[in-house]
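J.:
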Amino acid sequence: MSLYLKNAKYLDWQTFEITAGHLLVEEGNSGKVTSVNQIPEQSELAAEDRVIDCQNRLVTKSFGCGHHHIYSTLARGMPAPKKIPTNFQEILTYIWWTVDKCLDLEMVEASALASALYCAKNGVTFVIDHHASPYAIEGSLATIAKAFDKVGLSHLLCYELSDRDGQAIADAGLAEHESYLSGGGQGHVGLHASFTVGDELLTRAVELATKYNTGLHVHVAEDKSDQDACLKDYGKRVVQRYADAGALALPQTMLVHCIHLDESEKELIRTHGSWVTENIESNQNNNVGQANYGQITDKVMLGTDGMHSDMLRSAKAAFLSGQPLEGVGMDTIYDRFRNVHRYIQQNGFKGDGDNNLVILDYDAPTEVTSANFIGHFIYGLDSRHVNTVIANGRVIVENGLVTNVDEEEILAHASEMGNKLWKKMGES
Ligand SMILES: [Zn+2]
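Structure, rendered in structure tokens:
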């Protein structure tokens, strides 16, 4: 199949160079985008070829999410927990560990499909997810992968290993990674956080990640309590513990949050060149504090932590919240927004080639140029401007509508699964 984009205003995501003309988008994992002088006549096109008239709209690289939790999708609007949490540990106990314990594979599938739908409509074509469903582990990663594939998204998955539910569930989590990664699935080895992961599980996780040439994906010092527990149980700080276990030596390792780090930990992250993921809206929501990422490293990417699937929103939140603490510049936030592509490319993961694009129906009140694009990115562009989305050279959203799946059907089923989940939670 050949996909032609007629009358495109193509914006290079790295140089901001804007080129008006026609594009040919190749299909496949590392398909190229090339400029063409002419769109072939209808008679010259094969039956499966497509021509989309962009009507001089902006076309640029689509977006990636550096940290998502599809497992939280059905929590939206759920009844109040048995106890209103007053701190981070209670947020986990009364909200998230109640939700994830009640998930079955049918709910996981519904959650993944609904999240994938939102990602696609927001122009996000690559998702790095961190999953938990302790009583439905076996087959969970393949279920999520299948749902993402159905919508047309690329993905990097893992299961959130933890000792919080006992040895058998920790073992099942390891087995799920082994099964998914050995079957050719693209993923990390996931860990919940230091305070729920014992030394044996950490060692086995690093061994597994090493075996499959990947890294760990773990929450790090999201709340101060993670550091307190680590100092008490292991006599060292969290990042030191991961460094000692060999996790930072793996270039694919992702350290999520990193709110409460001391200077020695920041130095360890810089020395190892580890990637850090910022999820500012989640940190604000959980009232756990905020990091000055600029003082840690420039290898920072953005995620949503499962709160939503809109990376343009995450970028704006990171910019506004970064003002008082970091005095962060628009260019730095744009880099953090785009660093997910650098992370994927640096580590050889597939599914984020040049042929992942968004066509933006951007109703700008002023001229958009190479020189001022970042100002439009921060103050103007948002997800309502995402008109058409191309993933691996295939159209997955056209004129705001998903093309591969039935949106109404997915949301109706998700709603049914949400009611099933809430009922189960009420009975637990
Ligand atoms: Zn998270």
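If you're matching positions, the sequence shown starts at 1410 in this note's numbering and goes up one per residue. All residues carry an ideal CB built from backbone N, CA and C; glycine is no exception. None of these values were measured; they are calculated from a predicted model.
1. What three-state label does DSSP hand phenylalanine 1472 in the structure shown?
2. For cysteine 1474 versus valine 1536, is the C-beta spacing smaller than 7 Å?
3. Could you give the first and the last residue of the continuous alpha helix (DSSP H) run that contains tyrosine 1788?
4. CA-CA distance, valine 1619 and glycine 1655?
5. Find the nearest neighbour of valine 1442 within the set Ala1780, Glu1453, Leu1420, judged by alpha-carbon distance.
6. Return the chain-ordered ranges of every beta strand (DSSP E) run that is complete within the stretch 1631–1702 and spans a minimum of 3 residues.
7. In three-state DSSP terms, what is histidine 1628?
8. When a residue counts only if its C-beta is closer than 6 Å to some heavy atom of ligand 1, which residues count, in chain order?
9. Do lysine 1470 and isoleucine 1448 have their C-beta atoms within less than 7 Å of each other?
10. What residue does the alpha helix (DSSP H) around glutamate 1735 start on, and which one ends it?
11. Just the Cα atoms here: how many angstroms apart are serine 1691 and proline 1490?
12. Have a look at Thr1495, Ala1700, Gly1437, Asp1538 and flag the residue whose alpha-carbon is nearest the alpha-carbon of serine 1481.
13. Rounding to the nearest angstrom, what Cα-Cα distance links valine 1811 and asparagine 1765 in this structure?
14. Could you tell me which of Tyr1788, Gly1784, Met1710 sits nearest to histidine 1750, measuring between CA atoms?
15. Between the Cα of asparagine 1446 and the Cα atoms of Glu1436, Arg1459, Leu1432, which residue gives the shortest distance?
16. Roughly how many angstroms lie between the CA atoms of glutamine 1576 and valine 1508, to the nearest whole one?
17. Compare the C-alpha of phenylalanine 1472 against each of Trp1422, Ile1504, His1822 and name the closest.
18. Can you give me the start and stop residues for the alpha helix (DSSP H) that isoleucine 1705 sits inside?
19. Please state whether the Cβ-Cβ distance between tyrosine 1643 and glycine 1599 is less than 7 Å.
20. The beta strand (DSSP E) that contains histidine 1564, what's its start and end?
21. If distances are taken between C-alpha atoms only, which option among Ile1753, Ala1521, Asp1770, Glu1631 comes closest to alanine 1602?
22. Any idea what DSSP makes of leucine 1483, helix, strand or coil?
23. Since leucine 1610 and alanine 1579 are thought to touch, with beta carbons under 8 Å apart, how far apart are those beta carbons, to the nearest angstrom?
24. Taking the straight line between their C-alpha atoms, what separation do you get for isoleucine 1500 and proline 1494?
25. Helix, strand or coil: which one does DSSP assign to alanine 1602?
26. If you draw a straight line from the alpha carbon of isoleucine 1427 to that of threonine 1778, how long is it in whole angstroms?
27. So, for glycine 1532: in the same chain, excluding its five sequence neighbours on each side, which residues have a beta-carbon less than 6 Å away from its beta-carbon?
28. Quick check: leucine 1512 and glycine 1802, are their CB atoms within less than 7 Å of each other?
29. For asparagine 1416, which three-state DSSP category applies?
30. Between the Cα of leucine 1590 and those of Ala1727, Ala1780, Gln1649, Phe1758, spot the shortest distance and give me the residue it belongs to.
31. Relative to the C-alpha of glutamine 1661, which candidate in Ser1542, Ala1523, His1597 has its C-alpha closest?
32. Any heavy atom of ligand 2 within a distance shorter than 6 Å of the CB on tyrosine 1743?
T.: Looking at the coordinates:
1. If you number the sequence shown from 1, residue 1472 lands on position 63. It is a strand residue.
2. Numbered from its first residue, the sequence shown carries residue 1474 at position 65. Numbered from its first residue, the sequence shown carries residue 1536 at position 127. Yes, they are a contact pair.
3. Along the sequence shown, read from residue 1 onward, the residue named residue 1788 stands at position 379. In the DSSP assignment, tyrosine 1788 falls within the alpha helix (DSSP H) that extends over 1782–1788.
4. Here the question's residue 1619 lines up with position 210 in the sequence shown. Here the question's residue 1655 lines up with position 246 in the sequence shown. Strictly speaking, residue 1619 in this sequence is threonine, with valine absent from that position. So the alpha carbons of these two residues sit roughly 9 Å apart.
5. Residue 1442 sits at position 33 when you count from the first residue of the sequence shown. For valine 1442, the nearest C-alpha among the options comes from Leu1420.
6. Qualifying beta strand (DSSP E) stretches, in chain order: 1663–1666, 1684–1687.
7. Taking the first residue of the sequence shown as 1, we reach residue 1628 at position 219. Reduced to three states, the DSSP call for histidine 1628 is strand.
8. Chain-ordered list of matching residues: His1476, His1478, His1539, His1628, Val1665, Asp1714.
9. Working through the sequence shown from its first residue, we reach residue 1470 at position 61. Working through the sequence shown from its first residue, we reach residue 1448 at position 39. A distance of 7 Å or more separates the beta carbons of lysine 1470 and isoleucine 1448.
10. Counted from its first residue, the sequence shown places residue 1735 at position 326. For glutamate 1735, the uninterrupted alpha helix (DSSP H) run begins and ends at 1720–1735, by DSSP.
11. Here residue 1691 corresponds to residue number 282 of the sequence shown, with the count starting at 1. Here residue 1490 corresponds to residue number 81 of the sequence shown, with the count starting at 1. Distance between the alpha carbons of serine 1691 and proline 1490 is about 18 Å.
12. Taking the first residue of the sequence shown as position 1, residue 1481 is located at position 72. Considering only alpha carbons, the answer is Asp1538.
13. On the sequence shown, residue 1811 is found 402 positions in, with the first residue counted as 1. On the sequence shown, residue 1765 is found 356 positions in, with the first residue counted as 1. Approximately 15 Å, taken between the alpha carbons.
14. As a first step, residue 1750 must be located in the sequence shown, where it is residue number 341. Looking from the CA of histidine 1750, the closest CA among Tyr1788, Gly1784, Met1710 belongs to Met1710.
15. Position 37 of the sequence shown, counted from the start, is the residue given in the question as residue 1446. Ranking the options by Cα distance to asparagine 1446, first place goes to Leu1432.
16. Within the sequence shown, residue 1576 is the residue found at index 167, counting from 1. Within the sequence shown, residue 1508 is the residue found at index 99, counting from 1. Distance between the alpha carbons of glutamine 1576 and valine 1508: 20 Å.
17. Indexing the sequence shown from 1 puts residue 1472 at position 63. Among Trp1422, Ile1504, His1822, the Cα nearest to that of phenylalanine 1472 is on Trp1422.
18. As a working note, residue 1705 is residue 296 in the sequence shown. From DSSP, isoleucine 1705 is part of no alpha helix (DSSP H); its letter is neither H nor E.
19. Here residue 1643 corresponds to residue number 234 of the sequence shown, with the count starting at 1. Here residue 1599 corresponds to residue number 190 of the sequence shown, with the count starting at 1. Contact: no.
20. Here residue 1564 corresponds to residue number 155 of the sequence shown, with the count starting at 1. If you look at histidine 1564, you'll find it in the beta strand (DSSP E) that goes 1563–1565.
21. Position 193 of the sequence shown holds residue 1602. Checking every option, the nearest Cα to that of alanine 1602 belongs to Glu1631.
22. Within the sequence shown, numbered from 1, the residue matching residue 1483 stands at position 74. Look at leucine 1483 here: in three-state DSSP terms it is helix.
23. For the purposes of this step, residue 1610 is taken as residue 201 along the sequence shown, with counting starting at 1. For the purposes of this step, residue 1579 is taken as residue 170 along the sequence shown, with counting starting at 1. About 5 Å separates the beta carbons of leucine 1610 and alanine 1579, which is inside the 8 Å limit, making them a contact pair.
24. Counted from its first residue, the sequence shown places residue 1500 at position 91. Counted from its first residue, the sequence shown places residue 1494 at position 85. Cα-Cα distance, rounded: 5 Å.
25. By 1-based counting over the sequence shown, the position of residue 1602 is 193. Collapsing the DSSP output to three states places alanine 1602 in a strand.
26. As a position in the sequence shown, residue 1427 is number 18, starting the count at 1. As a position in the sequence shown, residue 1778 is number 369, starting the count at 1. Approximately 7 Å, taken between the alpha carbons.
27. Along the sequence shown, one-based indexing puts residue 1532 at 123. So the list reads Ser1471, Phe1472, Val1767, Val1795, Val1798, once near-sequence residues are dropped.
28. Looking up residue 1512 in the sequence shown gives position 103. Looking up residue 1802 in the sequence shown gives position 393. No, the pair does not count as a contact, with Cβ atoms beyond the cut-off.
29. On the sequence shown, residue 1416 is found 7 positions in, with the first residue counted as 1. Collapsing the DSSP output to three states places asparagine 1416 in a strand.
30. As a first step, residue 1590 must be located in the sequence shown, where it is residue number 181. Of the candidates Ala1727, Ala1780, Gln1649, Phe1758, Phe1758 places its Cα closest to the Cα of leucine 1590.
31. As a first step, residue 1661 must be located in the sequence shown, where it is residue number 252. Of Ser1542, Ala1523, His1597, the residue nearest in Cα terms is His1597.
32. Of the ligands one can find in the structure shown, namely ligand 1, none is ligand 2.
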